[in-house]
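Each residue of the sequence shown is one higher than the last, beginning at 51 in this note's numbering.
No residue lacks a Cβ here, since even glycine has one placed at the ideal position from N, Cα and C.
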Amino acid sequence: MSLAKQFGILAVALAVTPAAFAVGGATAAKSNPLTNYSPVTEARLQNPEPENWLQWRGTYEGWTYSPLDQINADNVSDLVPVWSYSTGELEGHQAPPIVNDGVMFISTPNNQVIALNAETGDELWRYKKEIPEELFQLHPTNRGVGLYGDKVYLAATDACLVALDAKTGEESWVTCVADWQDGYYMTLSPLIAKGKVMVGVSGGEYGIRGHITAVDAETGKIEWKTHTIPAPGEPGSDTWKGDAWKTGGASVWIAGTYDADMGVAFYGTGNGGPWMPDTRPGDNLYANSVVAIDVATGKMKGYHQYHHNDAWDWDEVSPPVIIDYKHKGKNIKGLVHAGRNGYLWTLERHKDGSIGFVDAEPFVKQNVFKSIDPKTGRPTYDPAHTPGTGKTVTFCPSLWGGKDWPPEAYNPKTGLFYIPAHENLCSEMGGVKLAPRKSGELYIGVPISDILTNIRLTDAAKNDHIGEIQAWDLKKGEKVWQFNMKEMNWGPLLTTGGNLLFSGGSNDRMFRALDARTGKKLWQYRANSGITAVPSSWSVNGTQFIGVQAGWGVDAQRMQGAFDAVMDHTTAVPQGGVLHVFALKKNADKLMEAAAK
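The following block contains the structure:
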């Protein structure tokens, strides 16, 4: 059986060559919002207008919060679909609708960007990047475009950054930041600050060396490249032995958060590679860490490693959310991260860019950490739950983590921090002897068959639930409420000024709204496919919209396959990308009337 079939994913489709085209027709032309396209400045990225959604998590701080409140906890039961749009692609759709003054941009698997009228759903232009036929990637997805000036930026699968003209979809420039033939690829949304477009690379499973690269937004020239694994002689290089640093992973595949006052971006990094810790002795800096990067120079200003010498495939690639809060009566300029290792980490960002440890609390069952140093945050491991080459053990949470990549959310009105979590889910895993690395081939040290079948369910998982949405009061360090899902939760979160929390993520294809204060379910809608994309909210001509892409696939489907192998039933989740857009019924009726004229 081929590797693609083993992972249950499709080969990259190249049916459309690089092209951009506008949709014709008098109606589209008459209502085309690109006529007076509003350039996106850094000032707007720092303080986005409430009616817009300019970045993949809404703001530099990563709150995934919209202040719009026309749709609220009192009237969300009147929320109805107003239009939808089929992307023409299968596999995992994970990008939010990004909206600038009535113009929407969505990205999809297979390097496609589509511009739409954010009020009506009319297509304005479509672009698809051609990539080599022999390119195979484990995660054929994209997590959203970046906007700056009059350009749209796409981090493409072949490790090339593409700049498009926002009005036409035509290529302005293409800059490749790594060699796809050596296992590098990209899936993340670009982070843009100080005139630089910053991207990181995927490919930890191929034995790559992770890095973050900044490209000039106008010219496409590479400004700096910062590796997440130090070379010999660089700070932290003593945490790697021999040549292990050359193939050590520490990939960066989620966009960072950014403190504009400090000029510092915070990125999470992936696990070390190969997976078994005895193949790369040492702490393995800066894998499984948050790193603070000076945007102007690329210099690493500080870091915190969540766990050293990773053995569990616990990427900590999600960046910390920038939240200022009080801890034991002290004002903290905070960084908050719900870790794949199952702990909720509260850190402090210092003026010099260094990062301090504040506290860590488990938010799901965790049997690996025996203790955490109260001053440094360094965990001590239980060897009975630490796998190695020729050593198979069980551990909790599973390799999918207490929370995987789907973003958390923070609502300043409720003061609560929300986590999409997996509870009652463990793994059994061990390593095998590695063959020598070959460029562009998997370099993991764990059999693929084991990865796809290693889930172990607790009795609570079988009899109660696995997926959760948790709400935490950061000041008290306490969980306030919890909403349960029968099986998995791969749902990124959106919270709003209307005291709402939106989420998909379950294999029943539901998109739901909860009361952000209590966790009570107020509304739900069954989509065409499962939802693993970031929802967003925007407003046009006084109407607030909620939008999300449905499109099940990638790791959510791999987990589904593992569930099917151990559950007493199987669940079929159809694929196919569709953007679903909702508004209150009174506004939807007006939109339908206008469209009929």
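Which partner residues does residue i have in the DSSP bridge list?
i	result
tyrosine 198	Lys201
methionine 538	Bridge partners of methionine 538: none, in fact.
arginine 259	Gly299
lysine 246	Ala243 and Asp266
lysine 441	Gly438
serine 116	Thr546
lysine 571	Leu564
glutamate 221	Leu214
tyrosine 235	Ser252
methionine 350	Ile343
isoleucine 372	Leu385
histidine 357	DSSP, once it has assigned bridges, lists no residue as partnering histidine 357.
histidine 630	Ser134 and Val598
threonine 430	Ser421
phenylalanine 552	Leu544 and Ala563
Taking the alpha carbon of residue i as the reference point, which residue from the options has its own alpha carbon closest?
i	options	result
phenylalanine 186	Arg259, Cys446, Met236 and Tyr110	Met236
isoleucine 373	Gly480, Arg399 and Asn359	Arg399
tyrosine 375	Gln120, Lys415 and Leu466	Leu466
arginine 390	Pro190, Asp363 and Gly403	Asp363
isoleucine 405	Gly440, Gly352, Pro433 and Gly438	Gly352
alanine 615	Glu518, Gly603, His357 and Leu507	Leu507
alanine 606	Phe445, Gly517 and Ala388	Gly517
glutamate 478	Ala471, Glu458, Leu629 and Pro447	Pro447
arginine 193	Leu241, Ala123 and Glu284	Leu241
threonine 276	Ile262, Arg608, Glu92 and Asp288	Ile262
serine 157	Thr436, Gly138, Ala510 and Ile469	Gly138
serine 651	Glu255, Pro131 and Gly286	This structure gives no information on residue 651, because the portion of the chain shown stretches from 51 to 647.
alanine 206	Ala228, Ala294, Gly611 and Asn338	Ala228
glutamate 135	Pro624, Gln625, Trp175 and Gln599	The sequence as given places tyrosine at residue 135; glutamate does not occur at that position. For tyrosine 135, the nearest C-alpha among the options comes from Gln599.
aspartate 208	Gly219, Lys178, Val202 and Leu118	Lys178
glycine 603	Phe552, Gly580, Asp500 and Trp223	Gly580
leucine 129	Thr621, Pro497, Ala645 and Leu564	Leu564
valine 195	Asp509, Asp618 and Pro159	Pro159
aspartate 514	Leu475, Ile498 and Gln520	Leu475
threonine 289	Ala361, Lys483, Pro324 and Asn334	Asn334
phenylalanine 419	Lys441, Phe445 and Asp402	Phe445
leucine 449	Glu458, Tyr460, His435 and Ala459	His435
Spatial neighbours of residue i within its chain, please: CB distance less than 7 angstroms, with the 5 preceding and 5 following residues excluded, ordered by chain position.
i	result
glutamate 273	Lys246, Ala264, Val265 and Asp266
valine 90	Leu104, Asn150, Leu197, Tyr198 and Gly199
lysine 647	none
lysine 640	none
serine 252	His189, Tyr235, Met236, Thr237, Ser301 and Trp303
aspartate 409	His377, Thr396 and Gly527
valine 249	Ala205, Leu211, Val227, Met236, Leu238, Pro240 and Thr263
alanine 645	Thr170
asparagine 653	The chain is shown only over 51 to 647; residue 653 falls outside these bounds and no answer can be derived.
Check whether the Cβ of residue i lies closer than 9 angstroms to any Cβ atom in chain C.
i	result
asparagine 461	In summary, chain C is missing from the structure at hand, where a single protein chain is found.
Quick one: residues in its chain with C-beta nearer than 8 angstroms to the C-beta of residue i, no 5 flanking neighbours on either side, listed in chain order?
i	result
arginine 487	Gly257, Thr297 and Tyr493
lysine 525	Tyr375, Lys376, His377 and Gly465
lysine 271	Thr225 and Val265
arginine 330	Trp290, Lys291, Ala294, Gly298, Gly322, Gly323, Pro324 and Asn359
tyrosine 336	Thr278, Ile279, Pro280, Gly286, Ala300, Thr319, Met350, Tyr353 and Gln355
Cutting at 6 angstroms between CB atoms, please list the residues of its own chain near residue i, excluding the five before and the five after it.
i	result
phenylalanine 595	Trp588, Val631 and Ala633
tyrosine 575	Phe561
serine 116	Thr546 and Ser587
histidine 387	Pro370 and Trp395
threonine 439	Met326, Asp328 and Gly481
arginine 567	Thr464 and Asn549
threonine 593	Ala633 and Asn637
valine 628	Ser134, Ser136, Asn578 and Ala600
alanine 243	Tyr308 and Val345
proline 280	Gly286 and Ser287
valine 73	Interpretation of valine 73 is limited by its pLDDT of 34, a score under 50 that renders its predicted location unreliable; no figure is taken from the coordinates.
proline 39	The shown model of the chain, from 51 to 647, leaves out residue 39, and the question about it has no answer.
Is the stretch 535–545 touching the stretch 556–564, taking contact as three or more C-beta pairs under 8 angstroms? Between the stretch 535–545 and the stretch 556–564 there are three or more C-beta pairs closer than 8 angstroms, enough to call the two in contact.
With a threshold of 8 angstroms, are at least 3 pairs of Cβ atoms found where one atom belongs to the stretch 310–324 and the other to the stretch 420–434? They do not touch, by the three-pair rule.
Threshold first: 3 residues or longer. Then list the beta strand (DSSP E) segments lying entirely within the stretch 377–423, N to C. Counting only runs of 3 or more, we get 380–388, 393–399, 405–412 and 419–422.
My parser needs the beta strand (DSSP E) runs of 3 or more residues fully inside the stretch 129–180; what are they? If only uninterrupted beta strand (DSSP E) runs of at least 3 residues are considered, those enclosed by the stretch 129–180 are 129–136, 148–150, 153–158, 162–167 and 173–178.
Write down every uninterrupted run of the alpha helix (DSSP H) in the stretch 463–550 whose length is 4 residues or greater and which is fully enclosed by it, in chain order. Segments of the alpha helix (DSSP H) lying fully in the stretch 463–550: 498–503 and 509–513.
Beta strand (DSSP E) segments (min. 3 residues) lying fully within the stretch 271–337: Within the stretch 271–337, the complete beta strand (DSSP E) runs of at least 3 residues are 272–277, 307–309 and 314–318.
Cβ contact check for the stretch 198–213 and the stretch 157–176: 3 or more pairs under 8 angstroms: Taking a contact to require three or more Cβ pairs closer than 8 angstroms, the stretch 198–213 and the stretch 157–176 qualify as touching.
Three or more beta-carbon pairs under 8 angstroms between the stretch 139–153 and the stretch 224–235, yes or no? Fewer than three beta-carbon pairs drawn from the stretch 139–153 and the stretch 224–235 are found closer than 8 angstroms, and the two stretches are therefore not classed as touching.
Does the count of Cβ pairs from the stretch 442–456 and the stretch 94–111 closer than 8 angstroms reach three? The stretch 442–456 makes no contact with the stretch 94–111; the number of CB pairs closer than 8 angstroms stays below 3.
Residue ranges of each alpha helix (DSSP H) run of no fewer than 4 residues wholly in the stretch 579–624, ordered along the chain? Correct list: 604–616.
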